[in-house]
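Residue numbers (this note's numbering): 23 to 110. The beta-carbon is built from N, C-alpha and C at its ideal position, and this holds for glycine as well. Let me begin by presenting the structure, written as structure tokens, before commenting on it.
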């Protein structure tokens, strides 16, 4: 079993990149997973980092925003706000 509800928070808020602290707050607030242990934030951060590397990762690290992640979609990384198909 997973230590955290992988992706559930980011699936629920698909257009909202979040930091590991924000994700943990949602997990706790909505009761998505019983949290135990001495360092759930460190565990979540490590899981996000590990699962945002390579082609198999399910998370995407948002460029220019340290420690902020979003869920990968099949179309690739999220587009920057205001960037249209012509790059305008």
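Query                                                                                                           : Result
Taking 8 Å as the cut-off, decide whether the C-beta atoms of residue 36 and residue 84 are in contact.         : no
Is it buried or exposed, residue 63, if we count other Cβ atoms within 10 angstroms and call 16 or more buried? : exposed
Alpha carbon to alpha carbon, how far is residue 34 from residue 53? Give it in angstroms, no decimals.         : 14 Å
Can the beta-carbon of residue 93 be found closer than 8 Å to that of residue 81?                               : yes
So for residue 93, helix, strand or coil by DSSP?                                                               : strand
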